[in-house]
Amino acid sequence: MTKVRIGIVGVGGIATERHIPAFREFDNVAITCVHDINVERAMVVANQFGIPHVAKKFEEMLDHVDAVVITTPNKFHAPFAIEALNHDKSVLCEKPMALTTEECDAMIAAEQKSKGKLHIAYHYRFMKEAIAAKKIIDKGIIGEPLVIRIKAMRRRKVPGWGVFTNKELQGGGALIDYGCHLLDLAMWLVGSRKPVEVSAQTYNQLSRMPNPVNEWGAFNPETFEVDDHVTAFIRFENNITMLFETSWAANVESDEEHISISGTKGGLNVFEMKVNQADDTLMTTLNIDYIQVEHPFEYLQTENFISSILYHTPLRVKSTEAREVSRIIEAVYLSASNKKAILI
Ligand SMILES: NC(=O)c1ccc[n+]([C@@H]2O[C@H](COP(=O)([O-])OP(=O)(O)OC[C@H]3O[C@@H](n4cnc5c(N)ncnc54)[C@H](O)[C@@H]3O)[C@@H](O)[C@H]2O)c1
1 MTKVRIGIVG
11 VGGIATERHI
21 PAFREFDNVA
31 ITCVHDINVE
41 RAMVVANQFG
51 IPHVAKKFEE
61 MLDHVDAVVI
71 TTPNKFHAPF
81 AIEALNHDKS
91 VLCEKPMALT
101 TEECDAMIAA
111 EQKSKGKLHI
121 AYHYRFMKEA
131 IAAKKIIDKG
141 IIGEPLVIRI
151 KAMRRRKVPG
161 WGVFTNKELQ
171 GGGALIDYGC
181 HLLDLAMWLV
191 GSRKPVEVSA
201 QTYNQLSRMP
211 NPVNEWGAFN
221 PETFEVDDHV
231 TAFIRFENNI
241 TMLFETSWAA
251 NVESDEEHIS
261 ISGTKGGLNV
271 FEMKVNQADD
281 TLMTTLNIDY
291 IQVEHPFEYL
301 QTENFISSIL
311 YHTPLRVKST
321 EAREVSRIIE
331 AVYLSASNKK
341 AILI
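With the UniProt record's numbering, letter number 286 in the sequence shown gets 286, and the count goes up by one each step, no holes.
Okay, structure coming up:
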């Protein structure tokens, strides 16, 4: 294989702003084909980036590529991924992995039969703070993890483009779109423990009000079908618990991304990185002044995917791990609609 040939399905915002520029950084890669339900859009993107083929149907793409990047609305992640894997193509699929655990299982079954690999774009794992936090936890510096706190909070930033407020196409709102990133990162940091119980509440009153103030463009409150705010208490095996909150549109003072993990020997905050420890007579908080990472997360995520194809490097985000994130998301929505805790 001289160059890894990449095809992109669904050439909207994340494809043109993140994935296409990231793949173009690599000499051993060529983006050879795009496909979009909006053919005109596909032609514009192909022209803009000098991509030689526009596939009118997804199946036509499979003749031109070794790997497929799926950047469509969430509903189409599973069918495109399964089709590509069935043709032995590797897949980089945007998060969330799929709408349901059942779809995730079908994707994993296709991956197991395929010569291709399946990577889910939980890119927070490639951020420098995440890389440092993983090192600190794996070295045993905080001991056994006990309690995880997550806040993935935006103040009045509902995505006003695309189909983000459409339940059928996206499966949900703030949780499945934004909170899932921090949920995935925290689960990876503590060693991918199994979730066992979820108790949650979802809200969307603020976005359903007429004329909601919003910094990320206009949306229609009358057709706003998804959650804009979610709270959850999640129990994992080994008595680890997580206090979780995410929102696109909360009435809070400012946006906030927070993961902190308390363990038996210490604790850490991921954004801004700090390590908290105590001994007999002292309590200390260490600020991490500099984290040496050679590239930004977009580059590292793309590099990991290409290396997995060329050199069988392990994928940082395993499909089985991304499935557990989807399992929690599904349980959150079920718990909220049934108004009770869900054993999973
Ligand atoms: N990792 C991240 O931080 C991040 C950020 C934004 C979006 N995303 C994910 O990327 C995906 C796309 O988001 P976006 O912001 O680019 O949305 P977008 O609306 O800008 O782009 C989606 C594109 O998919 C096309 N499309 C829709 N249905 C299709 C179909 N059946 N077949 C082929 N093409 C189809 C649309 O025409 C559009 O061009 C979503 O899954 C979203 O969750 C991830």
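Glycine included, each C-beta is placed from N, C-alpha and C at the ideal position.
None of the values given here were measured: they were computed from a predicted structure.
Go through its chain and collect everything with a Cβ distance to residue i's Cβ below 8 Å, but skip five positions before and after it.
i	result
L343	V196 and E197
L300	F126 and V293
Y178	A152, R154, T246 and W248
P210	P221
T284	N276, Q277 and A278
E303	F26 and H295
A22	E298, Y299, Q301 and T302
R327	T101, C104, P195 and I344
residue 357	Here the chain covers residues 1 to 344 and nothing more, so residue 357 does not appear.
R24	I31 and F49
G266	I141, I142, G143, V275, N276, Q277 and A278
N86	A110, K113 and S114
Going by other Cβ atoms of all chains shown within 10 Å of its Cβ, with 16 needed for buried, is residue i buried or exposed?
i	result
I329	buried
E168	exposed
D36	buried
P145	buried
E129	buried
L99	buried
S337	exposed
V213	exposed
L185	buried
G13	exposed
A81	buried
S308	buried
A218	exposed
Alpha carbon to alpha carbon, how far is residue j from residue i? Give it in angstroms, no decimals.
i	j	result
H119	V39	26 Å
S207	V91	34 Å
A174	F305	27 Å
L268	V275	4 Å
V252	R154	8 Å
V68	A84	7 Å
F164	A278	44 Å
F233	D63	46 Å
A249	N238	34 Å
residue 347	D105	Here the chain covers residues 1 to 344 and nothing more, so residue 347 does not appear.
G162	A110	29 Å
Y333	L183	15 Å
F49	I20	8 Å
M97	K89	17 Å
K134	A42	39 Å
Y290	K57	47 Å
F271	I142	16 Å
Q112	P73	24 Å
K139	T281	23 Å
N204	S254	19 Å
L243	M187	12 Å
C93	G10	11 Å
Excluding sequence positions up to five away, which residues of its chain have a Cβ less than 6 Å from the Cβ of residue i?
i	result
residue 346	Residue 346 falls outside the range modelled here, since the chain spans only 1 to 344, and no answer is possible.
A15	I8 and T71
F297	H123, F126 and M127
L286	V275
R235	V196, E197 and T241
Q201	T231 and A336
residue 347	Since the first and last residues shown for the chain are 1 and 344, residue 347 lies out of range.
H229	Y203, S247 and A250
D66	V4 and R5
S199	F233, S335 and A341
T313	S307
I51	I31 and V34
Report all residues from its chain with a CB closer than 7 Å to the CB of residue i; omit the five preceding and five following residues, and keep chain order.
i	result
H53	T32, C33 and H64
W216	K157, V158, P159 and G160
I180	As written in the sequence, residue 180 is Cys, which differs from the Ile given in the question. Same-chain partners within the cutoff: K95, P96, V325 and I329.
A46	V34 and V54
A132	M273, I288 and I291
K115	D88
R18	E298
N166	E225
| Touch check for the region 313 to 321 and the region 143 to 153: three-plus C-beta pairs under 8 Å? | no
| query | If we count Cβ pairs, one from each stretch, closer than 8 Å, do we get three or more for the region 101 to 120 versus the region 67 to 81? | reply | yes
| task | Report yes or no: do three or more beta-carbon pairs, one from the region 258 to 267 and one from the region 208 to 225, lie closer than 8 Å? | result | no
| request: Identify every run of the alpha helix (DSSP H) within the UniProt domain "GFO/IDH/MocA-like oxidoreductase" (132 to 268), keeping only runs that are complete inside it and at least 4 residues long; order them along the chain. | output: 167 to 170, 180 to 189 and 205 to 208
| field | Ranges of the alpha helix (DSSP H) found wholly within the region 40 to 109, counting only runs of at least 4 | value | 58 to 61 and 77 to 86
| message | To test your reading of the DSSP string, which unbroken beta strand (DSSP E) runs of 3 or more residues are found completely within the region 255 to 341? | response | 256 to 263, 266 to 269, 274 to 278 and 283 to 287
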